[in-house]
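Encoded as structure tokens, the structure appears first; notes follow it.
Numbering (full-length UniProt numbering), first residue to last: 1 to 206.
Written as structure tokens, this is what we have:
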């Protein structure tokens, strides 16, 4: 579609984007976004402009046609919005937006569980402890039984009522020793050492 925009198909593109979302945190979704012509994702259109100006009225008419065409491309914008919510970790808002657009998932098996795996990945590298109710909301308002399944899968335990232990993040941090080798040009040292503040460098005689 990047090189042959005339063959662009909204349904196929939507399925590709949804499949890419299931592979977060890998960068497939970002790559797919970059290949879509901005004409298919922008929802802006010009207004009526100056009344009585034939040129402005013609532009407004074309704008209305363009807006009608973009109604067909609404799924693309909705999926991009869902992706933005996931990438910015607004998980509760993601599930709310998804509930309003469940028709997008037709033909995409396992989408919700794939998203939950990504959310669990984020939780696992972010939290040491998390409230039980918050984790359930972040995973899509799961029931207690469903939440226990995901907790068991990732080895998370409820150390006290309402509190879930994820991991000790301090033990997960692996410090790195950074060694920098700086080579100074010896030419300006030959003139009597490094310059002092406010004193110009001495130059070697030519």
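Idealized CB from N, CA, C, for every residue including glycine.
Spatially closest choice to residue 162 from 22, 130, 104 and 116, by CA coordinates: For the purposes of this step, residue 162 is identified with residue 162 of the chain shown, where counting begins at 1. Put simply, of 22, 130, 104 and 116 the residue whose alpha carbon is nearest the alpha carbon of residue 162 is 130.
Residue 94 in three-state terms, based on DSSP: Locating residue 94 in the chain shown gives position 94, counting from the first residue. Helix, per DSSP.
Contact check, residue 118 vs residue 18, beta carbons under 8 angstroms: By one-based count along the chain shown, residue 118 stands at place 118. By one-based count along the chain shown, residue 18 stands at place 18. Residue 118 places its beta carbon 8 angstroms or farther from that of residue 18.
Proximity winner among 128, 124, 102 and 168, relative to residue 150 (alpha-carbon distances): Position 150 of the chain shown, counting from 1, holds the residue named residue 150. Closest by C-alpha distance to residue 150, out of 128, 124, 102 and 168, is 124.
Separation of residue 160 from residue 33, as counted between CA atoms: Reading the chain shown from its first residue, position 33 is the one you call residue 33. Reading the chain shown from its first residue, position 160 is the one you call residue 160. Rounded to whole angstroms, residue 33 to residue 160 spans 43 angstroms at the Cα level.
6 angstroms Cβ shell around residue 154 - same chain, five flanking residues per side excluded: Taking the first residue of the chain shown as 1, we reach residue 154 at position 154. These residues qualify, in order along the chain: 120.
8 angstroms contact criterion, which residue 116 and residue 134 should meet: CB distance rounded: Stepping through the chain shown from its first residue, residue 116 is reached at position 116. Stepping through the chain shown from its first residue, residue 134 is reached at position 134. Rounded to whole angstroms, the Cβ separation of residue 116 and residue 134 is 14 angstroms, and the two are not in contact under 8 angstroms.
Distance between residue 136 and residue 143 (C-alpha atoms, nearest Å): Here residue 143 corresponds to residue number 143 of the chain shown, with the count starting at 1. Here residue 136 corresponds to residue number 136 of the chain shown, with the count starting at 1. Approximately 7 angstroms, taken between the alpha carbons.
Residue 69 versus residue 6 - alpha carbon distance: Here residue 69 refers to the residue found at position 69 when the chain shown is read from its first residue. Here residue 6 refers to the residue found at position 6 when the chain shown is read from its first residue. Because residue 69 sits at a pLDDT of 49, beneath the cut-off of 50, its placement in the model cannot be relied upon, and the following sentence gives the value as read from the coordinates. Answer to the nearest angstrom: the Cα atoms are 14 angstroms apart.
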